[in-house]
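Visitor:
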Amino acid sequence: ILPDLSDELFRSIDPKHDLLQKRVSAYPFDSRIINAKDAALIATWIDNKQEKPYRFKELPFKFELIYRASQEHFSINKFHESCDNKGPTVVIIKVLNSEEIIGGYNPLDWRSVELINDGNRRLPSYVYNNHKCKTSKSFIFSLLSSSKGAIPRFSRISTKNEAIIWCNNKGPCFGLQDLWIQNNSSVT
């Protein structure tokens with residue numbers, strides 16, 4: 001009688017789903033590298049609000065993932081397809097075999113070619129190769145895992161005439177080689 005009873009009991013409480021549903025974060029944020037607190041810190045740096053840092057829920061803008069290098073095989077062409085002419089961008093990089101995160105902020109946009117309108121088509125008219133862009137609002141930064149207890153650091157540009165570099169055969173370039181990303185950067 002016991003096996004029959006247990007079968008009857010389990011039949012009536014059989015779960016409707018085999019797997020637990022994925023939890024939804026209170027801070028919807030599509031990054032495998034930084035968390036919402038890091039994003040709020042970067043936003044604070046962007047708006048130069050160190051005296052009153054943002055909280056994630058108070059951000060005046062939305063972070064949107066437009067390129068994930070690990071999914072695109074670290075392709076420079078895919079970077080430019082995804083990021084050129086999109087306006088201000090934050091680049092976030094996890095350093096291989098370390099807990100360090102580095103990155104930069106470009107208040108302009110990225111470009112690899114200049115496009116001209118020719119009727120109904122947009123045609124490339126000029127390929128950028130180490131074109132220096134002027135801005136005083138860009139910066140680079142470094143974050144360490146919070147388990148290390150390190151203080152995040154950022155550095156505003158010192159020479160605004162060459163703050164951002166546009167180049168068709170490189171990814172994001174900050175300064176004259178302060179932080180440059182090239183093809184196969186995942187292995188260097």
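First residue of the sequence shown: 1, per UniProt numbering; consecutive thereafter.
Where is the CB? At the ideal position from N, CA and C, for every residue including glycine.
Got a sec, what are the start and stop residues for the alpha helix (DSSP H) lysine 37 sits in?
Guide: 36-46
Visitor: In terms of alpha-carbon separation, which member of Gly104, Gly103, Asn120 and Asn129 lies closest to glutamate 114?
Guide: Asn129
Visitor: What's the C-alpha gap between isoleucine 92 and cysteine 173?
Guide: 12 Å
Visitor: If you follow the beta strand (DSSP E) that asparagine 106 is part of, which residue opens it and which one closes it?
Guide: 100-106
Visitor: Taking the C-alpha atoms as reference points, what is the distance between serine 112 and aspartate 84?
Guide: Straight across, the Cα-Cα distance linking serine 112 with aspartate 84 is about 7 Å.
Visitor: I'd like the span of the beta strand (DSSP E) that includes cysteine 133, first residue to last.
Guide: 131-133
Visitor: Just list the residues that DSSP pairs aspartate 84 with in beta bridges.
Guide: Trp110
Visitor: Beta strand (DSSP E) containing serine 158: first to last residue?
Guide: Element bounds for serine 158: n/a, residue is neither H nor E.
Visitor: Taking the continuous beta strand (DSSP E) assigned at leucine 143, which residues delimit it?
Guide: 139-144
Visitor: Expressed to the nearest angstrom, what Euclidean distance is found between the alpha-carbon atoms of glycine 104 and glycine 171?
Guide: 12 Å
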